[in-house]
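Everything below concerns the one structure shown next.
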Amino acid sequence: MLLATTKVADLDRFISIFSTKGADKRRLHGSQGATVFRDPSEADRIWAIFDWDAEGWKNFVSDPEVPGIMQEAGHVGKPQAALLLGHYEA
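Numbering (the working numbering), first residue to last: 1 to 90.
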């Protein structure tokens, strides 16, 4: 699993590209899916939990076609992966 955040210019445009072109490209790099949340404090920030390993994420962000897809989706800046601190029961 991987948690990432980014800011977007327009949520509807972001979802439209994220769920189509972005999904195709993520799948190509091994992603098994994503759950997306809108930040309650910042309307232009989204959070996504990916069913993805670190190697697939690394390959995705280094893919030369990804910046164009992100630009089309309206990303404001680059997505940032959160640092995993640990996993705890219950």
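Every residue gets a Cβ at the ideal spot worked out from N, C-alpha and C, and that includes glycine. Predicted model, so just to flag it, every value in this text is computed and none were measured.
Reference residue i, options the options, closest by Cα
i     : options                       : result
Glu72 : Ser16, Ala54 and Phe60        : Ser16
Val61 : Ala9, Gly30 and Phe37         : Gly30
Ala9  : Glu42, Ala54, Tyr88 and Leu84 : Glu42
Asp39 : Lys78, Met1, Gly86 and Leu11  : Leu11
Ala82 : Pro64, Ala48 and Val66        : Ala48
Cutoff 8 Å: residue i Cβ touching any chain C Cβ
i     : result
Gly68 : The structure shown contains no chain C; it holds only a single protein chain.
Segment limits, beta strand (DSSP E) that includes residue i
i     : result
Gln80 : His75 to Ala81
Ala34 : Ala34 to Arg38
Trp48 : In the sequence on display, residue 48 carries Ala and not Trp. Arg45 to Phe50 is the span of the beta strand (DSSP E), which, as asked, contains Ala48.
Helix, strand or coil at residue i [DSSP, three-state]
i     : result
Arg57 : Per the sequence shown, the amino acid found at residue 57 is Trp instead of Arg. Looking at Trp57 - three-state DSSP - the assignment turns out to be helix.
Ala4  : strand
Asp11 : As written in the sequence, residue 11 is Leu, which differs from the Asp given in the question. It is helical.
Ser16 : helix
Buried versus exposed, by CB contacts within 10 Å (16 or more), residue i
i     : result
Phe37 : exposed
Arg26 : buried
Span of the alpha helix (DSSP H) around residue i
i     : result
Asp63 : Taken as a continuous stretch (DSSP letters only), Asp63 belongs to no alpha helix (DSSP H), as it is neither H nor E.
Asp24 : Lys21 to Leu28
Cβ shell of residue i (< 7 Å), same chain only, five flanking positions each side left out
i     : result
Asp53 : Gly30
Ile69 : Ile17, Lys21, Gly22 and Lys25
Proximal residues to residue i (C-beta, below 6 Å), its chain only, five neighbours per side dropped
i     : result
Asp51 : Gln32 and Gly33
Close Cβ partners of residue i (< 8 Å) along its chain, the five nearest in sequence each way excluded
i     : result
Gln80 : Ala4, Thr5 and Thr6
Val76 : Thr6, Lys7, Val8, Ala9 and Asp44
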